[in-house]
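Residue 523 in UniProt numbering sits at position 214 of the sequence shown, and the numbers go up by one each step.
Just so you know, even glycine gets a beta-carbon here, dropped at the ideal spot from N, CA and C.
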Amino acid sequence: MIQLYIPLNFLGVIYREIKQSLADLDRMFVFMDREREVDDAPDAVPLQLATCPAVRFEDVHFAYDPARPILRGVSFEIPAGKTVAVVGPSGSGKSTLARLLFRFYDVQQGRIAIAGQDIRSLTQASLRQAIGIVPQDTVLFNDTVEYNIAYGRAGASHDEVVAAAQAARIHDFIAGTPQGYATRVGERGLKLSGGEKQRVAIARTLLKNPPILIFDEATSALDSANERAIQAELQSAARNKTTLLIAHRLSTVVDAHEILVLDAGQILERGTHAQLLALGGRYAEMWSLQQSQAVGDEALA
Ligand code: ATP
Numbered sequence: 310m311i312q313l314y315i316p317l318n319f320l321g322v323i324y325r326e327i328k329q330s331l332a333d334l335d336r337m338f339v340f341m342d343r344e345r346e347v348d349d350a351p352d353a354v355p356l357q358l359a360t361c362p363a364v365r366f367e368d369v370h371f372a373y374d375p376a377r378p379i380l381r382g383v384s385f386e387i388p389a390g391k392t393v394a395v396v397g398p399s400g401s402g403k404s405t406l407a408r409l410l411f412r413f414y415d416v417q418q419g420r421i422a423i424a425g426q427d428i429r430s431l432t433q434a435s436l437r438q439a440i441g442i443v444p445q446d447t448v449l450f451n452d453t454v455e456y457n458i459a460y461g462r463a464g465a466s467h468d469e470v471v472a473a474a475q476a477a478r479i480h481d482f483i484a485g486t487p488q489g490y491a492t493r494v495g496e497r498g499l500k501l502s503g504g505e506k507q508r509v510a511i512a513r514t515l516l517k518n519p520p521i522l523i524f525d526e527a528t529s530a531l532d533s534a535n536e537r538a539i540q541a542e543l544q545s546a547a548r549n550k551t552t553l554l555i556a557h558r559l560s561t562v563v564d565a566h567e568i569l570v571l572d573a574g575q576i577l578e579r580g581t582h583a584q585l586l587a588l589g590g591r592y593a594e595m596w597s598l599q600q601s602q603a604v605g606d607e608a609l610a
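Put into structure tokens, the structure is as follows:
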């Protein structure tokens, strides 16, 4: 019994870390039944999707610890095929929105609906099939680049893997390594930079081709060339997908259908980039701060 307990406990720790970093390792759930915070309702049904769906958060309240509310009445809609970006200070609850949409936790008040269907009424398997996550810190397996990308969809062909890598702009880099797609990555293989890892994650997600995308932008500082590259990859990944973009760099949110400024679990400001600049509030302040930092960085480069 003790022998069994230790590995399960260990898996539990890994699971919690994965859940926190939003890594896309859905298969872990097979082992993790004991650790689930949410269960399928007895009458759960598969998500029904005819086309790309709209996603709605309706008066969502949530706390990890009842004594400390994290989201306090958040409402917004991501229309079908559009991108809604969330910005705000560290700890304001941005990643929590993504965790709730993937249903790592259930809302405590209000609801989240996809194509009008409350996600609590759906099977988790169908929900997670419909959502692709590009996490901040991508977990790569100690295996080949090919395996790491193909993980997005069981049975994908080599040509499909290459097409996804091309769309995520990581193909040239892979093709330039001596063993190409057979190159091993991870701890015992080729070390990839944060940006390269995120591109592998984008390729994996493109291969999965889900109608809904959660993009949790890496917080790490990027030079402006890399920042422009990630922005282009993000745009190709989000095309025709209903996308929730958790953003740390305002340059990536400029084209979003709507930008939400989250502060202490509430939406402080909302609108397009132009509307928020015209408002002259918190977003405008953040924008001018990041612009002056960018100018400073270019001068140092
Ligand atoms: P960042 O920009 O730093 O990624 P964020 O806006 O995405 O921050 P969240 O990750 O949503 O913030 O966290 C919101 C708050 O909830 C933080 O104060 C965080 O410490 C707390 N929190 C996050 N995960 C848990 C957890 N599993 N248990 C308890 N508190 C948590």
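Closest by C-alpha distance to residue i, when choosing among the options
i       : options                            : result
Asp-352 : Glu-367, Gly-382, Arg-429          : Arg-429
Lys-403 : Ile-523, Ser-466, Val-494          : Ile-523
Thr-405 : Arg-381, Ala-512, Asp-427          : Arg-381
Ile-576 : Leu-410, Pro-398, Ala-473          : Pro-398
Gly-390 : Val-509, Val-354, Thr-453, Arg-548 : Arg-548
Tyr-373 : Leu-409, Ala-484, Gln-544, Thr-561 : Leu-409
Leu-516 : Ala-350, Gln-438, Ala-407          : Gln-438
Gly-425 : Ser-502, Arg-558, Cys-361          : Cys-361
Gln-507 : Thr-551, Val-454, Ala-350, Leu-431 : Val-454
Val-393 : Ala-587, Gly-504, Thr-551, Ala-583 : Thr-551
Ala-556 : Tyr-490, Ala-565, Asp-525, Asp-572 : Asp-525
Gln-418 : Ser-384, Arg-558, Val-395          : Ser-384
Leu-449 : Pro-487, Ser-502, Ser-560          : Ser-502
Asp-348 : Leu-588, Phe-411, Phe-366          : Phe-411
First through last residue of the beta strand (DSSP E) which encompasses residue i
i       : result
Gly-390 : From DSSP, Gly-390 is part of no beta strand (DSSP E); its letter is neither H nor E.
Arg-579 : 575-580
Leu-569 : 567-572
Buried/exposed call for residue i, threshold 16 Cβ in 10 Å
i       : result
Glu-542 : buried
Gln-445 : buried
Val-339 : In this prediction, Val-339 scores a pLDDT of 40, lower than 50, which makes its location untrustworthy; the coordinate-derived value is nonetheless stated afterwards. Exposed.
Gln-433 : buried
Ala-457 : For the record, residue 457 in the displayed sequence is Asn; it is not Ala. Its Cβ being crowded by 16 or more others within 10 Å, Asn-457 is buried.
Asp-481 : exposed
Glu-594 : exposed
Gln-600 : exposed
Ser-401 : buried
Arg-343 : For Arg-343, the predicted model reports a pLDDT of 39, less than 50, meaning its position is unreliable and no value from the coordinates is stated.
Thr-447 : buried
Leu-598 : exposed
Tyr-592 : buried
His-467 : exposed
Limits of the unbroken alpha helix (DSSP H) element including residue i
i       : result
Asp-468 : 467-476
Arg-437 : 433-439
Ala-422 : First-last for Ala-422: 418-423, but that is the beta strand (DSSP E), not the alpha helix (DSSP H).
Leu-356 : Note, Leu-356: premise wrong, no alpha helix (DSSP H); not H, not E.
Val-369 : Run containing Val-369: none in the alpha helix (DSSP H); it sits in the beta strand (DSSP E), 364-371.
Ile-428 : First-last for Ile-428: undefined, no H or E at that position.
Asn-457 : 454-459
Ala-407 : 403-410
Bridge partners - residue i, DSSP secondary structure assignment
i       : result
Asp-348 : Its beta-bridge partners do not exist; DSSP assigns none.
Val-443 : Phe-524
Thr-551 : Ile-521
Asp-374 : Arg-377
Quiz prompt | Length at least 4, wholly inside the region 479-534: the alpha helix (DSSP H) runs in chain order | solution = Taking only runs of at least 4 residues, the alpha helix (DSSP H) segments lying wholly in the region 479-534 are 480-484, 503-517.
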